[in-house]
Amino acid sequence: MQSLDDFEPLEYYTKVLKGAFQKNAEEYFDALVKKSGVSPEENAKTVARYNAAAAKADAAEKKLSTGKAVRVCVILLLVAALIAGAVFLYLSVTQGTWLHILIMVLCIGLAIVLIVLLCTKIKRMIETRQKKYEAAVSKANAVKAEAYDQMRPLHELFTFNMTRELIEKTEPDIRIDDYFDVKTFDLMSRKYGLHDNADESSSTVCVLSGTVEGNPFLYERDLVCRISDTTYTGSLVIHWTTYSYDSKGNRHAVHHTQTLTATYTAPAPVYGYNTRMFYGNEAAPDLNFSRQPTHAHELSEGQVERKVRRGKKKLEKRARKALTSGTGSFTEMGNAEFDVLFGATDRDNEVQFRLMFTPLAQKNMLSLIRSDEAYGDDFAFMKRGMLNCIRSEHAQSWQIETDPSRYKSFDLAAARAEFLAFNAEYFRSVYFDLAPVLSIPLYKMQKPREFIYKDVYQRNCTSYETEAAANRFSPSLFAHQDTKTQTILKTQFVQKDGLADRVRVNAYSYDAIPRVAYIPVLGGDGYTHNVPVPWTEYIPLSRTSVMEVRPVGGTREDYERRRASEAFGNFTKRYSDTVAFGNGILAIPILQGMFDAGSDMELSSVYGVSAAGKGDVAEALAKVDKALAEAEEAEREAAAADAAEQEAAPEETAQPAEEPSAETEQAAAEDPSSEEQS
Numbered sequence: 001m002q003s004l005d006d007f008e009p010l011e012y013y014t015k016v017l018k019g020a021f022q023k024n025a026e027e028y029f030d031a032l033v034k035k036s037g038v039s040p041e042e043n044a045k046t047v048a049r050y051n052a053a054a055a056k057a058d059a060a061e062k063k064l065s066t067g068k069a070v071r072v073c074v075i076l077l078l079v080a081a082l083i084a085g086a087v088f089l090y091l092s093v094t095q096g097t098w099l100h101i102l103i104m105v106l107c108i109g110l111a112i113v114l115i116v117l118l119c120t121k122i123k124r125m126i127e128t129r130q131k132k133y134e135a136a137v138s139k140a141n142a143v144k145a146e147a148y149d150q151m152r153p154l155h156e157l158f159t160f161n162m163t164r165e166l167i168e169k170t171e172p173d174i175r176i177d178d179y180f181d182v183k184t185f186d187l188m189s190r191k192y193g194l195h196d197n198a199d200e201s202s203s204t205v206c207v208l209s210g211t212v213e214g215n216p217f218l219y220e221r222d223l224v225c226r227i228s229d230t231t232y233t234g235s236l237v238i239h240w241t242t243y244s245y246d247s248k249g250n251r252h253a254v255h256h257t258q259t260l261t262a263t264y265t266a267p268a269p270v271y272g273y274n275t276r277m278f279y280g281n282e283a284a285p286d287l288n289f290s291r292q293p294t295h296a297h298e299l300s301e302g303q304v305e306r307k308v309r310r311g312k313k314k315l316e317k318r319a320r321k322a323l324t325s326g327t328g329s330f331t332e333m334g335n336a337e338f339d340v341l342f343g344a345t346d347r348d349n350e351v352q353f354r355l356m357f358t359p360l361a362q363k364n365m366l367s368l369i370r371s372d373e374a375y376g377d378d379f380a381f382m383k384r385g386m387l388n389c390i391r392s393e394h395a396q397s398w399q400i401e402t403d404p405s406r407y408k409s410f411d412l413a414a415a416r417a418e419f420l421a422f423n424a425e426y427f428r429s430v431y432f433d434l435a436p437v438l439s440i441p442l443y444k445m446q447k448p449r450e451f452i453y454k455d456v457y458q459r460n461c462t463s464y465e466t467e468a469a470a471n472r473f474s475p476s477l478f479a480h481q482d483t484k485t486q487t488i489l490k491t492q493f494v495q496k497d498g499l500a501d502r503v504r505v506n507a508y509s510y511d512a513i514p515r516v517a518y519i520p521v522l523g524g525d526g527y528t529h530n531v532p533v534p535w536t537e538y539i540p541l542s543r544t545s546v547m548e549v550r551p552v553g554g555t556r557e558d559y560e561r562r563r564a565s566e567a568f569g570n571f572t573k574r575y576s577d578t579v580a581f582g583n584g585i586l587a588i589p590i591l592q593g594m595f596d597a598g599s600d601m602e603l604s605s606v607y608g609v610s611a612a613g614k615g616d617v618a619e620a621l622a623k624v625d626k627a628l629a630e631a632e633e634a635e636r637e638a639a640a641a642d643a644a645e646q647e648a649a650p651e652e653t654a655q656p657a658e659e660p661s662a663e664t665e666q667a668a669a670e671d672p673s674s675e676e677q678s
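Residues 1 to 678 (my numbering) make up the sequence shown, in order.
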């Protein structure tokens, strides 16, 4: 079977993975269709009937719109006739000419005819067309409902895990976790240097973790708030008059108008999303560097050559400066194209950088950067010790959530096309975020060494998952009541409640208050005018709430089934009217009541998962039984060894034991520790 070892990453995708994923996705969907019992032929016939009915409904709607347009024209003509009749009535009364009277009579007659038309023929026409349109729409909707009924068995088979299953089947070296658990965070934190997201200006809204060739990776999407200066503009129109004299000495007034503009700058919050991938690898542990995308895939061959020539001169100058001044360790790689296009000139360990970027690694990386078959050079690459960070431009618009509702359609062919397109793009995005690290042979050769996990962890969920859980609710649930902006949610661990975590949710936002600044501006009249500039002052707000998060595992479909139970609904309503689920984690805002370890055991019962108490006791008893068994085995081995030693040793004459002296007894009485030691 062909693998990545046989190709460079780009070639492996284009020649192997792309086609394999397409084939697997088609087979997967076709298997679901077969399992569901949906008949493609029957659905195609129903969809064709719906399309024909929808076309008739569209035609009926156009006829109805035409009839309504005719009615509007007649009404306008009627209004014009009435106005004209009133005008000529006035003229006939005041002037009394036969022409005015004749025109008045004609206008009134026309108005009467139009009113009759509106109330009879046009009204009946519109009513008839309205009924035909409603009947056509009703028929089309009925056929559409029939098609949905045909597709319902297939819709019930759709799950959130389908995309993950396809990825792991196509490329078994990529494994995706159910959720980012505390053990994986412990590994990435203590071993590779990943930290909690403690920045109060960003909030984790989505995470996706897994491994590639045994090394861990983590996708993190944050909602980020940054304060930026915003410029507001205002204006004021001024008027003044000047006087001038002509050649005859006559005085003339000249009126002037001028629009004065002014600007005012004030800080304002700006929100946006940031998606990054973290990857841990033990290779080159002392190396740090960063690089930014050059978008070389958008350049022609000649433009790339010119860019490399100019960049090479700068790098030669940089290398000479580092050599002569002794202030840096930068040296060229001997491959000008790689040096310029990949960059990473801030590297701090030339030896490890060269071990990492061998000629093969350089070739692989350049093929990624230069090719426009994938996304090209749209990625930033930062390495800090054993932790690597990839931030690609395509990942910023990547849809991380694999919600299967996007495939639900009354048309089987349309559902299949959407399924294939979405999953192909999902896999493509994931693979080419991993491609930069897969391009490095040293990373592929470096398998993770054994990691000793802790026996007990302080919390049950990572801060990444608790923040993502908080962001699954409407922001207004946690935000301050005066909030006018988006909200940054930060979670803080409080305590364990059984297998649930109590966390404090801190919501940071801003109130927006309209203000007016008056900026003095000199006008053309020679005077200074205060130009009003409307601006917005943003006042920081914060609010603290409490939330319980509980890893329950399972899929979204499992959660939906359990949520429908009356016992679960009654339990959650004691604390909140809303509950959120995602990545196997259940989140309950504590808006009323008190949640404790006993509540967690009750939740375990109503939800159908193991409780903390029983699991902990069983685990403890198992450990005790194992320890006792090992102790008994050790005693038996020791007894057998003593017996063998006694049989082999010669018999010795027993000597009477020496009686302790008075000095020894006195010393033992003065020093109690000696008795303990003996």
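All C-beta atoms, glycine included, are put in the ideal place defined by N, C-alpha and C. On a predicted model such as this, the values are computed, not experimentally measured, just so you know.
> By how many angstroms is the C-alpha of Y279 removed from the C-alpha of S209?
Replying inline: One C-alpha to the other measures close to 10 Å.
>> Is the separation between the beta-carbon of F20 and that of T170 shorter than 8 Å?
In response: Note that residue 20 is Ala in the sequence shown, not Phe. Note that the C-beta distance between A20 and T170 is below 8 Å.
> So does the stretch 215-233 actually touch the stretch 261-278, counting three or more Cβ pairs closer than 8 Å?
Replying inline: Flag = yes, the stretch 215-233 and the stretch 261-278 touch.
> Using DSSP with H/G/I as helix, E/B as strand and the rest coil, what is H255?
Replying inline: H255 sits in a strand when the DSSP states are folded into three classes.
> When you compare only the Cα positions, how much space is there between C107 and T120?
Replying inline: Those two C-alpha atoms are separated by around 20 Å.
>> Helix, strand or coil, according to DSSP, for P394 in the structure here?
In response: The residue you asked about is not Pro; residue 394 is His in the sequence shown. Helix.
> Should F160 and T555 be called a contact, given that it needs their Cβ atoms to be closer than 8 Å?
Replying inline: At the C-beta level, F160 and T555 come within 8 Å of one another.
> What first and last residue would you give for the beta strand (DSSP E) that runs through I513?
Replying inline: Taken as a continuous stretch (DSSP letters only), the beta strand (DSSP E) holding I513 covers 500-522.
> To the nearest angstrom, how far is it from the Cα of S325 to the Cα of T331?
Replying inline: Between S325 and T331, the C-alpha separation is close to 13 Å.
> From T653 to V456, what distance separates their C-alpha atoms?
Replying inline: Note that T653 scores 39 on pLDDT, short of 50, meaning its location in the model is unreliable and no value can be drawn from it.
>> For a test of the three-state rule: what should DSSP assign to K248, helix, strand or coil?
In response: Secondary structure at K248: coil, using DSSP grouped into helix, strand and coil.
>> Measuring straight from C-alpha to C-alpha, what distance separates A421 and Q592?
In response: Roughly 45 Å between the two C-alpha positions.
>> On the DSSP bridge list, what partners appear for Y243?
In response: Paired residue(s): A253.
>> Can you list, in chain order, the residues of its chain with a C-beta nearer than 7 Å to that of E720? Leave out the 5 residues immediately preceding and following it.
In response: Because the chain is modelled from 1 through 678, residue 720 falls outside the range shown and cannot be assessed.
>> Assuming the contact rule is C-beta atoms closer than 8 Å, D411 and A147 should be a hit. Round their C-beta distance to whole Å, please.
In response: Taking 8 Å as the upper bound for CB-CB distance, D411 and A147 are in contact here, some 7 Å apart.
> Name the DSSP beta bridge partners of S545, please?
Replying inline: Bridge pairing for S545: V505 [DSSP].
> On the premise that A415 lies in contact with Y407, defined as a C-beta separation below 8 Å, what is that separation, rounded to the nearest angstrom?
Replying inline: Indeed, because the Cβ distance is near 5 Å, the residues count as touching under 8 Å.
>> Using the Cβ count rule (16 or more neighbours within 10 Å means buried), how would you classify K15?
In response: Flag for K15 reads exposed.
> Can you give the Cα-Cα distance for I369 and M382, rounded to whole angstroms?
Replying inline: For I369 and M382, the distance between alpha carbons rounds to 16 Å.
> If you draw a straight line from the C-alpha of Y243 to the C-alpha of I83, how long is it?
Replying inline: When rounded, the distance between both Cα atoms is 49 Å.
>> So, for A111: in the same chain, excluding its five sequence neighbours on each side, which residues have a beta-carbon less than 7 Å away from its beta-carbon?
In response: Answer for A111: L78, A81, L82, G85, listed in chain order.
> Excluding the five sequence neighbours on either side, which residues of its own chain have a C-beta within less than 6 Å of the C-beta of I488, listed in chain order?
Replying inline: Excluding residues within five positions, the ones whose Cβ falls inside 6 Å are S203, C225, Y508.
> Is the beta carbon of A512 sitting closer than 8 Å to the one on K484?
Replying inline: Yes. Within cutoff.
> Hey, out of K307, I122, H100, E42, whose CA is closest to V72's CA?
Replying inline: Here the closest residue by C-alpha is I122.
> Can you give the Cα-Cα distance for I115 and G67, rounded to whole angstroms?
Replying inline: Whole-angstrom Cα-Cα distance: 16 Å.
> With a Cβ-Cβ cutoff of 8 Å, do K586 and R543 count as a contact?
Replying inline: Note on residue identity: the sequence assigns Leu, not Lys, to residue 586. Cβ distance not < 8 Å, so L586 and R543 don't count as in contact.
> Between the C-alpha atoms of V254 and G96, what's the straight-line distance to the nearest angstrom?
Replying inline: Going by the C-alpha atoms only, they are around 50 Å apart.
> In or out: P9 buried (at least 16 other Cβ within 10 Å) or exposed?
Replying inline: Counting Cβ neighbours within 10 Å, P9 comes out buried, since at least 16 surround it.
> How would you call Y453, buried or exposed, if buried means at least 16 neighbouring beta carbons within 10 angstroms?
Replying inline: By the C-beta density criterion, Y453 is exposed, having fewer than 16 other C-beta atoms within 10 angstroms.
> For L315 versus D346, is the C-beta spacing smaller than 8 Å?
Replying inline: It is not a contact, given that the beta carbons lie outside the stated cut-off.
> If R502 and E467 are in contact, beta carbons under 8 Å, what's the gap, nearest whole angstrom?
Replying inline: In fact, because the Cβ distance is near 15 Å, the residues do not count as touching under 8 Å.
>> Alpha carbons only, please: which of K191, G584, P40 is nearest the one belonging to R449?
In response: Comparing alpha carbon positions, the residue from K191, G584, P40 closest to R449 is K191.
> Hey, quick one: how far does the beta strand (DSSP E) through D497 stretch, first residue to last?
Replying inline: Boundaries of the beta strand (DSSP E) harbouring D497: 488-497, taken from the DSSP string.
>> Give me the residue from E560, R309, E27 with the minimum Cα distance to E165.
In response: Looking at the Cα atoms, E27 is the closest of the given residues.
> Can you tell me the Cα-Cα spacing of W535 and G234, whole angstroms?
Replying inline: Those two C-alpha atoms are separated by around 9 Å.
>> Going by DSSP, what residue range makes up the alpha helix (DSSP H) through S409?
In response: No alpha helix (DSSP H) contains S409, which DSSP labels as neither H nor E.
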